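The structure under discussion appears below in the form of structure tokens.
In the UniProt record's numbering, the protein residues as written are 1 to 330.
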């Protein structure tokens, strides 16, 4: 059974990936209820934290029912990262995760996220000092490398382990790839099969079906899967994977009533947490997947993603339940 520090996890745990404007407390709660074993916050700017920026500080909110939960930070300046660690500790997470994988230009341009893959010594130095700064287990999320000509993930994982990280999650693409093409899990398996490695190695990227999760476990021998895009608007994915692990059969998809109820709860929790304006706006990205596969649904989807008032979105949910309540999902 894999462990992150003293945190015991089930065999082949499923982790909710840290996703900007997605992995907030309402969504983490839904995913936890559906079987996510570890959840991570949205990534948080170290510079934003030390400047007490509201957008960064609110991301520190965690709740007991989420545990084990990791708070993820990013940055490239040592002093800022260490100050951020001190701030994060006050929120009492179970894990501190360092983002060395975000490919977005505004992050990379500051040598943070995947940008640091061009400076492995700095990556190792930052990690070493963060591990020394905190008593919490430190984990890392990263990518294979900057581009295909500079993949050194076996060496990188070794060096990060040597300075004290307790687990590593690796996305099977380079920064240059962004999210294009297929994720390559072979280099991740090579990290896992390296005899010097003794910490859990989790795979990330393209785990979008239960069969893919089984393949990652059985063919590539990884310790667990970090789930990202497959869970957006579909928190049931974790439950479906675990059901497939146990039975080899696909779980029946959630009914229309279950989907409407989840969308309702999601929106209401988002409003309760961040207010109506942001709650309505940031929940929109989930609706396509909540109601994916329903024919002639465009009119209702457009209402959901263009309405600024929560009452209008809730009214649209009522319309959907009434019109499509008997729809059978494949």
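A virtual CB, placed ideally from N, CA and C, is assigned to each residue, including glycine. Nothing here was measured: the structure is a model prediction, and the numbers come from that model.
- In the three-state reduction of the DSSP assignment, residue 203 falls in the strand class.
- Contact between residue 269 and residue 26 is confirmed by a C-beta separation of about 4 Å, below the 8 Å threshold.
- If only uninterrupted alpha helix (DSSP H) runs of at least 4 residues are considered, those enclosed by the segment 8 to 36 are 25 to 33.
- For residue 300 against residue 316, the beta-carbon gap comes to about 6 Å, under 8 Å, which counts as contact.
- Annotation note: the segment 133 to 216 contains the following uninterrupted beta strand (DSSP E) runs of length 3 or greater, listed N- to C-terminal: 138 to 143, 167 to 171, 201 to 204.
- Rounded to whole angstroms, the Cβ separation of residue 116 and residue 140 is 11 Å, and the two are not in contact under 8 Å.
- Of the residues assessed, residue 283 falls on the buried side of the cut-off, its CB having 16 or more other CB atoms within 10 angstroms.
- Judged by beta-carbon spacing, residue 12 lies beyond the 8 Å limit of residue 248, meaning their Cβ atoms are not closer than that value.
- When beta bridges are read from the DSSP output, residue 256 appears opposite no residue.
- Counting only the Cα atoms, residue 36 lies some 15 Å from residue 62.
- One alpha carbon belongs to residue 192, the other to residue 58, and they sit about 35 Å apart.
- Secondary structure note for residue 99: its beta strand (DSSP E) is the uninterrupted segment 95 to 100.
- The C-beta distance from residue 103 to residue 226 rounds to 15 Å, too long to fall under 8 Å, and the pair is not in contact.
- Closest by C-alpha distance to residue 321, out of 261, 267, 271, 293, is 261.
- Each residue's CA atom was taken as its position, placing residue 69 and residue 44 some 14 Å apart.
- Contact between residue 183 and residue 171 holds, with the beta-carbon distance rounding to 7 Å and staying under 8 Å.
- In the three-state scheme derived from DSSP, where H, G and I count as helix and E and B as strand, residue 69 is classed as strand.
- Pairing residue 80 with residue 47 gives a Cβ-Cβ distance under 8 Å.
- Around residue 8, the same chain offers 1 as residues with beta carbons nearer than 8 Å, after the five sequence neighbours per side are excluded.
- In the structure shown, residue 234 falls within a coil segment according to DSSP collapsed to helix, strand and coil.
- For residue 246, the secondary structure class from DSSP, reduced to helix, strand or coil, is helix.
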